[in-house]
Amino acid sequence: MRLSLSSLNGLPADVRRPAYDVANAEIGVVHLGVGAFHRAHQAVYLDDCLGLGATGWAVCGASLRSPDTSQALDPQDGLYTLATRSGSGDELRIIGSLRRLLVAPSNPKALLDAMSDPGVRIVTLTVTEKGYCHDPATGTLDEAHPDIVADLANPSAPRTAPGYLVEALARRKAAGTPPFTVLCCDNLPSNGATVARVVGHLASLRDPDLGRWVEGEVAFPSTMVDRIVPATTDADKAMVSSRLGVDDHWPVMTEPFSQWVIEDRFPTGRPPLEDVGAELVKDVRPYEDMKLRLLNGSHSTLAYLGYLAGHETIAGTMAESAFQLLVERLQDQEVTPTVPAPPGADLAAYKRALRARFANPALRHRTWQIAMDGSQKLPQRLLAPIRDRLAAGAPIALLSLGVAGWMRYVSGTDEHGQAIDVRDPLAERFRQVAHTAGPDAERLADGLLAIREVFGTDLPADPRFTGAVKAALAGLYREGAAATVRRAVAG
Ligand code: CS2
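All residue numbers for the sequence shown refer to the numbering used here, where the first residue is 76 and numbers rise by one.
Here it is as structure tokens:
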């Protein structure tokens with residue numbers, strides 16, 4: 076038997092179920108990028124809102140690429156299990172807010188129709204950093220991106236999230252329907268402003284008048300989203316299904332912690348998110364810097380160096396005391412001075428909690444998963460604090476070790492001569508650089524530093540930065556990651 080509306084009532088008593096009439100919940104949100112993160116984060120807040128009796132805020136979730144999620148959840152009436160993992164075991168809860176699933180490539184019209192529906196007031200997005208087709212160093216639309224070129228040539232069957240947003244907004248404008256609010260939930264710097272810039276630019280390339288309308292009429296509030304959501308494994312699926320007594324083909328696994336800070340700017344209304352734990356604020360920036368630099372910056376550093384040192388998971392990496400110390404020093408000495416504390420926040424407690432979250436052994440968060448798409452992540456996670464430190468004339472040795480870890484990783488060969496499965500939109504460029512450099516660390520560093528989309532033009536010209544990164548990279552080649560980390564934290 077399968078998890079579905081008809082099997083919902085027979086679930087064990089310790090599995091929490093939606094506290095509202097799921098079958099009749101009306102859609103008010105379209106979500107682009109309906110992956111595990113959305114299902115463990117925004118969909119849960121909306122499920123809570125529906126449970127409080129706020130109607131009209133169920134979700135129509137779309138995949139922009141693969142049909143996997145819809146294939147797993149359609150036969151389950153959109154229902155799935157959220158498993159919250161901690162030292163005291165797994166708590167299971169069924170989420171009902173995902174009322175409809177669409178697969179964009181096989182039916183772009185259905186998605187554009189859903190986004191044009193006047194009942195839809197918000198479009199949320201988790202399409203990952205690369206899904207915005209922007210230049211990560213400058214945050215502007217990459218006009219030469221093949222999918223953007225395709226979306227301009229064929230606007231009614233878009234390939235990209237910006238393409239869908241622009242076409243749907245154009246249709247709403249033509250129909251006299253007020254625009255939806257665009258709520259980016261990806262880990263981009265100033266995510267609202269960045270997506271506004273990208274979408275506004277694409278709209279203006281289609282039609283300057285549409286561009287001005289998007290700029291003047293559409294709200295793009297910024298958000299800071301936080302919840303660690305490792306990819307679901309077959310063992311997770313089997314565990315959940317056996318506890319439910321029915322099959323769930325795609326549960327999501329997560330940690331107890333969850334945070335959502337949202338700029339409160341929704342001209343056409345929003346669900347009562349403040350009643351379900353979200354923080355509605357005027358300025359998200361300090362929260363975002365805190366999270367991107369302290370959490371994600373440490374995460375990427377642990378992912379590259381941990382992977383190289385032979386660790387499969389973040390918790391496994393944190394179990395080595397030198398890595399634990401590395402994170403602590405990186406956060407305390409080099410990153411915290413670049414992060415103004417958000418109102419009322421206790422940064423010391425925040426950092427302690429972060430390290431405990433990383434060390435949660437119940438979460439098997441793979442270093443390889445976090446290592447993905449580094450070209451899109453490095454600028455906001457490690458390079459932005461490095462720029463601030465350089466401007467202040469302050470040391471950057473540990474941040475540079477993270478960058479060197481990325482370089483060693485994208486060289487594509489591990490410390491035992493085995494190939495690394497490097498996933499990144501720029502993977503081909505990395506391969507060429509690594510091929511030309513051979514085993515020469517200095518040449519590898521020079522080749523990668525010349526990638527302007529990652530490093531811009533300022534950092535490669537600053538010998539304080541290039542010197543620190545090259546010294547760290549030479550250490551990684553000479554001694555390996557584990558010994559380099561031990562040496563970095565010694566004394
Ligand atoms: C991680 C994030 O994969 C990654 O790059 O750093 O997904 C991280 O787990 C989340 O941002 C936590 O909120």
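By construction, the Cβ of each residue, glycine as well, lies at the ideal position given by its N, Cα and C atoms.
Within 10 angstroms of the Cβ of residue i, are there 16 or more other Cβ atoms? Answer buried if so, exposed if not.
{"i": "Arg160", "result": "buried"}
{"i": "Pro283", "result": "exposed"}
{"i": "Thr256", "result": "buried"}
{"i": "Pro264", "result": "buried"}
{"i": "Glu204", "result": "buried"}
{"i": "Glu503", "result": "exposed"}
{"i": "Pro193", "result": "exposed"}
{"i": "Gly522", "result": "buried"}
{"i": "Asp143", "result": "exposed"}
{"i": "Asn229", "result": "exposed"}
Go ahead and pull the three-state DSSP assignment for residue i.
{"i": "Val497", "result": "coil"}
{"i": "Ser138", "result": "strand"}
{"i": "Ile169", "result": "strand"}
{"i": "Glu363", "result": "helix"}
{"i": "His491", "result": "coil"}
{"i": "Cys124", "result": "helix"}
{"i": "Leu86", "result": "coil"}
{"i": "Val315", "result": "helix"}
{"i": "Glu395", "result": "coil"}
{"i": "Val195", "result": "coil"}
{"i": "Ala91", "result": "Here residue 91 is Arg; the residue named in the question, Ala, does not match the sequence. Strand at Arg91."}
{"i": "Arg234", "result": "coil"}
{"i": "Arg175", "result": "strand"}
{"i": "Ile526", "result": "coil"}
{"i": "Gly480", "result": "helix"}
{"i": "Met447", "result": "coil"}
{"i": "Asp421", "result": "coil"}
{"i": "Ala565", "result": "coil"}
{"i": "Gly345", "result": "Residue identity differs from the one stated: residue 345 is Arg in this sequence, not Gly. Three-state DSSP puts Arg345 in coil, outside helix and strand."}
{"i": "Ser486", "result": "coil"}
Can you pull the DSSP bridge partners for residue i?
{"i": "Met328", "result": "Ala158"}
{"i": "Ala133", "result": "Ile102"}
{"i": "Arg77", "result": "Asp322"}
{"i": "Asp210", "result": "Thr215"}
{"i": "Ile471", "result": "Answer is none; Ile471 lacks a bridge partner."}
{"i": "Cys259", "result": "Leu200"}
{"i": "Asp301", "result": "Gln334"}
{"i": "Arg441", "result": "Thr388"}
{"i": "Gly164", "result": "Ser161"}
{"i": "Glu354", "result": "Val336"}
{"i": "Leu107", "result": "Ala137 and Leu200"}
Select from the options the residue whose C-alpha is nearest the C-alpha of residue i.
{"i": "Ala434", "options": "Ala378, Gln399 and Asn262", "result": "Gln399"}
{"i": "Cys135", "options": "Ser82, Tyr120, Met190 and Val351", "result": "Met190"}
{"i": "Asp122", "options": "Gly238, Thr203, Tyr239 and Gly352", "result": "Gly352"}
{"i": "Pro439", "options": "Ala306, His491 and Trp325", "result": "For the record, residue 439 in the displayed sequence is Arg; it is not Pro. Among Ala306, His491 and Trp325, the Cα nearest to that of Arg439 is on Ala306."}
{"i": "Ala98", "options": "Val564, Leu125 and Val300", "result": "Leu125"}
{"i": "Ala509", "options": "Arg483, Gly275, His209 and Glu490", "result": "Arg483"}
{"i": "Pro445", "options": "His491, Ala390 and Asn229", "result": "What sits at residue 445 in the sequence shown is Ile, not Pro. For the residues His491, Ala390 and Asn229, the minimum Cα distance to Ile445 belongs to Ala390."}
{"i": "Asp226", "options": "Gly128, Tyr239, Asp323 and Val273", "result": "Tyr239"}
{"i": "Tyr362", "options": "Gly372, Pro418 and Thr343", "result": "Pro418"}
{"i": "Gln507", "options": "Gly550, Glu490, Val485 and Ser450", "result": "Val485"}
{"i": "Glu218", "options": "Arg175, Arg272 and Asp309", "result": "Arg272"}
{"i": "Arg318", "options": "Ile337, Val119 and Gly85", "result": "Gly85"}
{"i": "Asn371", "options": "Asn262, Gly291 and Arg175", "result": "Asn262"}
{"i": "Phe540", "options": "Ala469, Glu292 and Asp515", "result": "Ala469"}
{"i": "Gln455", "options": "Gly153, Gly103 and Thr213", "result": "Thr213"}
{"i": "Arg196", "options": "Glu290, Gln117 and Gly103", "result": "Gly103"}
{"i": "Ser141", "options": "Thr559, Gly108 and Tyr120", "result": "Gly108"}
{"i": "Arg432", "options": "Ile337, Val402, Ala268 and Lys452", "result": "Val402"}
{"i": "Leu157", "options": "Arg175, Asn229, Asp323 and Ala228", "result": "Asp323"}
{"i": "Gln451", "options": "Val202, Val241 and Ser145", "result": "Val202"}
{"i": "Val321", "options": "Lys312, Val327, Met328 and Ala437", "result": "Lys312"}
{"i": "Ala479", "options": "Arg441, Thr511, Pro535 and Gly550", "result": "Gly550"}
{"i": "Leu173", "options": "Pro211, Ala437, Val105 and Leu405", "result": "Val105"}
{"i": "Arg77", "options": "Lys545, Trp325 and Pro538", "result": "Trp325"}
{"i": "Ser82", "options": "Gly131, Tyr155, Ala111 and Arg114", "result": "Tyr155"}
Exercise. If we count Cβ pairs, one from each stretch, closer than 8 Å, do we get three or more for the segment 80–93 versus the segment 164–172?
Worked result: Taking 8 Å as the limit for Cβ pairs, the verdict is that the segment 164–172 does touch the segment 80–93.
For this session: Please confirm if the segment 425–440 is in contact with the segment 474–489, defined as three or more CB-CB distances below 8 Å between the two stretches.
Result: Taking a cut-off of 8 Å on C-beta distances, the segment 425–440 does not touch the segment 474–489, as fewer than three cross pairs fall below it.
Exercise. Would you call the segment 369–386 and the segment 324–341 in contact, with 3 or more CB pairs under 8 Å?
Worked result: With the cut-off at 8 Å, the segment 369–386 and the segment 324–341 do not touch.
Exercise. Taking three-plus beta-carbon pairs below 8 Å as touching, is the segment 455–467 in contact with the segment 407–414?
Worked result: Segments in contact, yes.
Exercise. Okay, do the segment 216–234 and the segment 180–196 touch, 3+ Cβ pairs below 8 Å being the bar?
Worked result: Counting Cβ pairs under 8 Å, three or more are found: they touch.
For this session: Would you check if there are 3 or more beta carbon pairs closer than 8 Å linking the segment 273–280 to the segment 237–253?
Result: Touching, yes, given that three or more Cβ pairs across the two stretches are closer than 8 Å.
Exercise. Counting pairs of Cβ atoms below 8 Å between the segment 290–303 and the segment 143–156, do you hit three or more?
Worked result: Taking a cut-off of 8 Å on C-beta distances, the segment 290–303 does not touch the segment 143–156, as fewer than three cross pairs fall below it.
Problem set entry | Given 8 Å, three or more beta-carbon pairs between the segment 522–538 and the segment 488–499 | Here the segment 522–538 does not lie against the segment 488–499, with fewer than 3 beta-carbon pairs under 8 Å apart.
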